[in-house]
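Take the position in the sequence shown, starting the count at 1, then add 3; the result is the number in our numbering.
For every residue, glycine included, the Cβ atom is placed at its ideal position computed from N, Cα and C.
A quick write-up on the structure given underneath.
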Amino acid sequence: MSATVLSGKELSATIRAGAAERAAALTAAGTVPRLAVVVATADEASAWYVRSIARAAGKTGIACDIVDLGATAAPESIRARLAELSADERVHGVILQTPLPAGASLQELAGAIAFEKDVDGANPVSLGRLAAGLSAFAPATAEAVVRVLVHHGIELAGRRVAVVGRSIVVGKPVAHLLLNADATVTVCHSRTRGLAAVTSAADVVVAAVGRAGMITADHVAPGAVVIDVGTHPTEDGGLTGDVDAASVSGRAGALTPVPGGVGPVTTALLLSHTVRAAGG
4 MSATVLSGKE LSATIRAGAA ERAAALTAAG TVPRLAVVVA TADEASAWYV
54 RSIARAAGKT GIACDIVDLG ATAAPESIRA RLAELSADER VHGVILQTPL
104 PAGASLQELA GAIAFEKDVD GANPVSLGRL AAGLSAFAPA TAEAVVRVLV
154 HHGIELAGRR VAVVGRSIVV GKPVAHLLLN ADATVTVCHS RTRGLAAVTS
204 AADVVVAAVG RAGMITADHV APGAVVIDVG THPTEDGGLT GDVDAASVSG
254 RAGALTPVPG GVGPVTTALL LSHTVRAAGG
């Protein structure tokens, strides 16, 4: 029997509809919500993602500026642009898209994004507040993982969750969000010994390792819920995830698709965060 498909499309539509309603109210009052996406890469997957954000923003009533600094931009120029956008009263949300040029670090540069405009939770202040259980914009992908689970009625309290990946973009923040939901969380990474033994003991597996098809049936307990965060371009122009779906779908109880799972919810949350940052 194939795993139940945990689509994110219905949830993302609901989030976007709410954001569009609030954006319309703000616009009518004289404030057009505006998102700035700073890009310094020629990465194909990143370009696809940024285009999807811009399209979704336009449909939601949010102005979206793509600020392309080029794939060889110096860290100093990226930092200066982030600070400039943070100081611009017309801009309500600022995102620094990854990957970044050699020598540039998201951890170091994201601090230039004003906390109030950090709609993708990249600023260390945002991450620190998230870890402390205080109000902050969570990284949208990490929040999307939890929202998809809740939307589909997956119980988290007391459940064992294995997060594969420890990045500050997904792995670490999603672990904090899951802990806040009373899950028992194990964070795995490249140095985890016996990875399959760890993940196959979990009720829920979150694959955010950044390697296409790394999670196979051997990593999953029968009936487990698997959330695939990965997005990797394929030769035919499509996308595939960190999970080998053909292998896992026959063993897992439920699985998010790629595309159509976490991705659209991530985009919807970025738009919702932007509207909230604008006062809506």
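Apart from the five residues on each side of it in sequence, which residues of its chain come closer than 6 Å, Cβ to Cβ, to residue i?
i: residue 168; result: 174, 211 and 212
i: residue 262; result: 242
i: residue 340; result: Summary: the structure shown does not reach residue 340, with the chain confined to residues 4 through 283, and so no result is reported for it.
i: residue 88; result: 39, 94 and 97
i: residue 255; result: 6, 223, 227 and 229
i: residue 217; result: 245
i: residue 157; result: 228
i: residue 86; result: 115
Might you give, ordered along the chain, the residues of its own chain that have their beta carbon closer than 7 Å to the beta carbon of residue i, omitting 5 neighbours on each side?
i: residue 47; result: 236
i: residue 106; result: 78
i: residue 10; result: 260, 263 and 264
i: residue 159; result: 152, 181, 184, 185 and 186
i: residue 5; result: 252 and 253
i: residue 219; result: 247, 250 and 251
i: residue 84; result: 41, 70 and 72
i: residue 131; result: none
i: residue 28; result: 283
i: residue 119; result: 280
How about residue i and residue j: do their beta carbons lie closer than 9 Å?
i: residue 64; j: residue 26; result: yes
i: residue 133; j: residue 179; result: yes
i: residue 116; j: residue 97; result: yes
i: residue 164; j: residue 224; result: no
i: residue 172; j: residue 142; result: yes
i: residue 232; j: residue 222; result: no
i: residue 166; j: residue 149; result: no
i: residue 145; j: residue 124; result: yes
i: residue 35; j: residue 66; result: yes
i: residue 274; j: residue 59; result: yes
With 16 other CB atoms within 10 Å as the buried threshold, where does residue i fall?
i: residue 108; result: exposed
i: residue 153; result: exposed
i: residue 244; result: buried
i: residue 22; result: buried
i: residue 37; result: buried
i: residue 239; result: exposed
i: residue 137; result: exposed
i: residue 286; result: The displayed coordinates of the chain run from 4 to 283. Any statement about residue 286 would go beyond what the structure contains.
i: residue 20; result: exposed
i: residue 147; result: buried
i: residue 17; result: exposed
Using a Cβ-Cβ cut-off of 8 Å (strictly less than) and excluding sequence neighbours within five positions of residue i, which residues of its own chain qualify?
i: residue 100; result: 40, 41, 42, 43, 44, 49, 52 and 53
i: residue 1; result: Beyond the ends of the chain as shown, which are 4 and 283, falls residue 1; an answer cannot be given.
i: residue 127; result: 110, 113 and 114
i: residue 215; result: 233, 235, 243, 244 and 245
i: residue 201; result: 165, 189, 191 and 195
i: residue 57; result: 40, 67 and 69
i: residue 33; result: none
Check: So, do the segment 275-282 and the segment 244-251 have three or more beta carbon pairs nearer to each other than 8 Å?
Finding: no
Subject >> beta strand (DSSP E) runs contained entirely in the segment 115-193, provided each spans 3 or more residues >> reply: 163-167 and 187-191
Next on the checklist: Under 8 Å, with one C-beta from each stretch per pair, do the segment 60-73 and the segment 34-43 reach the 3-pair mark?
Outcome noted: yes
### Message
Just to confirm the assignment: which complete alpha helix (DSSP H) runs, minimum length 4, are found wholly within the segment 257-283?
### Response
265-280
Secondary structure, beta strand (DSSP E): runs of 3+ residues fully inside the segment 51-128:
66-71 and 96-99
Checklist entry - Per the contact definition of three or more C-beta pairs closer than 8 Å, is the segment 139-153 in contact with the segment 192-200? => result no
Discussion item. Extract the residue ranges of the alpha helix (DSSP H) inside the segment 196-241, only unbroken runs of 4 or more that lie entirely within it.
Written reply: 198-202
Notebook entry, point to check: What alpha helix (DSSP H) runs, 4 residues minimum, are completely inside the segment 7-34?
Noted result: 12-31
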